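The next block holds one structure in the form of structure tokens; read it before the comments.
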Amino acid sequence: MIKEDIISLLSEWNFWGKTPYTGVKRTAHLKKSLGFLGTRANKVLVITGLRRCGKSFFTKQITEGIISKGADPKDTLIVNFEEARFDEEISLGLLLRIYDAYIEIIRPRGKPLIVLDEIQEVPRWEKFVRTLQEKDEAKIIVTGSSSKLMSDELATLLTGRTLEIEFFPLDFREFLSFMGVEFAEYNDLIIKKKKIMEMLRQYLHFGGFPEVSLEDDEAVKNAILKKYYDDIISKDVVRRYNIRNIKKIETLANYYLSNVSSMITFNRVSKFLHLPLKTVEIYSKYLETSKLLFFVQRFSFSIKEQENSPRKVYSTDIGLMNAVSFRFMENSGRAYENLAAVELKRRGKDIYYWKDQQHREVDFVIKTGHAVGQLIQVCYEIENPETKERELKSLIKASKELRCNNLLVITEEFEGEDEFKGKTIKYLPLWKWLLT
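Here the working numbering is used: the first residue of the sequence shown is 95, the next is one more, and so on.
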């Protein structure tokens with residue numbers, strides 16, 4: 095492509111003389127990213143996350159935010175390497191020509207912000223980024239959904255030169271905003287509770303992918319989710335790792351998504367699915383690296399005990415799980431627990447589960463430094479006396495063992511505080527906890 099054609103194509107995404115549509119604001123991530131870019135730190139901002147969770151629109155929001163703070167629009171460049179209209183093979187050479195065309199024709203006046211979206215499509219892209227960074231020639235953001243851009247390999251490619259933000263599908267507050275439900279203060283939550291609960295049921299069913307959230311037709315929603323799943327498996331797992339037996343990886347992924355919030359061991363999965371143990375271990379790592387799902391370990395002060403104990407598995411998006419798994423979990427305790435696990439990950443918490451020899455269990459142990467900062471039990475049917483007593487006994491046992499008195503039970507509706515065996519326990523409905 096000649097330079098003029100490159101700039102003509104780039105102009106459709108960039109802010110040179112116009113303002114592209116930037117979507118509904120992802121406020122929490124935006125504040126964090128703009129804060130980082132406002133510092134003097136010479137690091138690459140890396141935005142990773144599940145495919146189609148909104149990273150591209152988010153980078154436009156960052157760019158718009160930089161411009162609103164006084165940057166010249168010409169001092170910004172956005173390149174999306176999944177653009178089908180590049181009429182040549184995506185390569186390092188094309189990336190260099192894009193940058194040269196930008197410098198020569200747009201003529202930035204200051205230190206530009208360069209956004210390289212879906213950069214994993216460009217072989218040896220890190221050479222270009224590393225050169226710009228070493229010269230302190232630009233602020234750089236790279237995004238990607240491929241596992242090649244995830245933490246382990248990135249640490250090798252750009253050692254000590256990155257700050258990573260893990261991006262998720264919409265949280266519940268963002269979902270409500272997408273659906274036109276806004277609230278400025280606490281009283282709004284009470285006034286709009288009926289609508290919020292209706293939206294929570296949708297969120298539990300279809301999850302938080304932006305495109306899915308904005309679609310009205312339920313059949314289309316499910317079709318989009320299944321397409322996302324197919325793309326994650328085919329592009330971020332099979333193609334990335336050159337997997338030949340696609341059926342095996344699909345079987346394993348479906349098994350995990352059908353058993354969210356359950357304890358699993360690779361050995362039991364191996365026997366149940368008739369797959370070699372080594373295959374289960376390796377493929378499970380691939381699936382987790384793709385961000386399709388994640389595992390939570392048992393809390394223990396012994397690393398060996400942690401590693402040898404069963405893990406719990408969760409889906410990064412509950413809608414994806416409902417669309418492709420063998421079980422539909424809307425309004426079930428496991429769906430509530432999965433949603434809570436994702437929200438805790440989104441908030442950057444270091445999470446584990448707890449279980450003792452008597453099989454008493456606490457869903458989430460929040461580790462803060464070297465101590466336990468909070469214990470969370472998710473209990474959908476807390477009004478059932480037997481269920482309540484069982485869940486609270488486990489919570490109290492863990493509280494004493496782990497020396498933690500910050501105890502929370504996430505419920506469907508019940509809210510309040512209670513004293514149980516000398517401990518104060520707070521109860522909060524899921525919808526309200528998600529919005530706090």
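Idealized CB from N, CA, C, for every residue including glycine. Here the structure is a predicted model, which is why all the values come from computation and not from measurement.
The beta-bridge partner set that DSSP reports for Ile259 consists of Ile141. Cβ atoms of Leu188 and Glu182 come within 8 Å of each other, at about 6 Å. Counting only residues of its own chain and dropping the five nearest sequence neighbours on each side, Asp411 has a CB closer than 7 Å to the CB of Leu144, Pro263, Gly301, Gly302, Phe303.
Here the alpha carbons of Cys498 and Leu319 stand approximately 40 Å from one another. Bridge pairing for Arg405: Ile358 [DSSP]. Shown here, Glu177 sits in coil according to DSSP, grouped into three states, outside any helix or strand. Following the DSSP letters along the chain, one finds Ala429 inside the alpha helix (DSSP H) bounded by residues 427 to 440. Residue burial annotation: Glu507 is exposed, with fewer than 16 other C-beta atoms found within 10 angstroms of its C-beta. For Trp219, DSSP assigns no beta-bridge partner whatsoever. In this structure, Arg255 is the residue among Arg255, Ala165, Arg218 with its C-alpha nearest to the C-alpha of Ala135. Using a Cβ distance threshold of 9 Å, Lys233 and Ile208 count as a contacting pair. Using a 10 angstroms sphere on the CB of Lys482, the tally of other CB atoms reaches 16 or more, which defines it as buried. In this structure, the straight-line span from the alpha carbon of Asn478 to that of Ala417 is close to 30 Å.
Apart from the 5 residues on each side of it in sequence, Val374 sits with its Cβ closer than 7 Å to the Cβ of Leu346, Phe360, Val363, Ser364 in its chain, given in chain order. Contact check for Ile460 against Lys439 fails: the beta carbons are separated by 9 Å or more.
Here Gly413 is near Val306, since their CB atoms are less than 9 Å apart. Secondary structure at Thr153: helix, using DSSP grouped into helix, strand and coil. Straight across, the Cα-Cα distance linking Ser426 with Gly159 is about 40 Å. 9 Å or more divides the Cβ of Thr157 from the Cβ of Ile141.
Taking the Cα of Ile445 as reference, the smallest distance to any Cα among Glu212, Ile213, Glu431, Gln451 is reached at Glu431. Between the alpha carbons of Asp265 and Pro202 lies a gap of roughly 36 Å. About 7 Å separates the beta carbon of Leu501 from that of Lys520, a gap short enough to meet the 8 Å contact definition.
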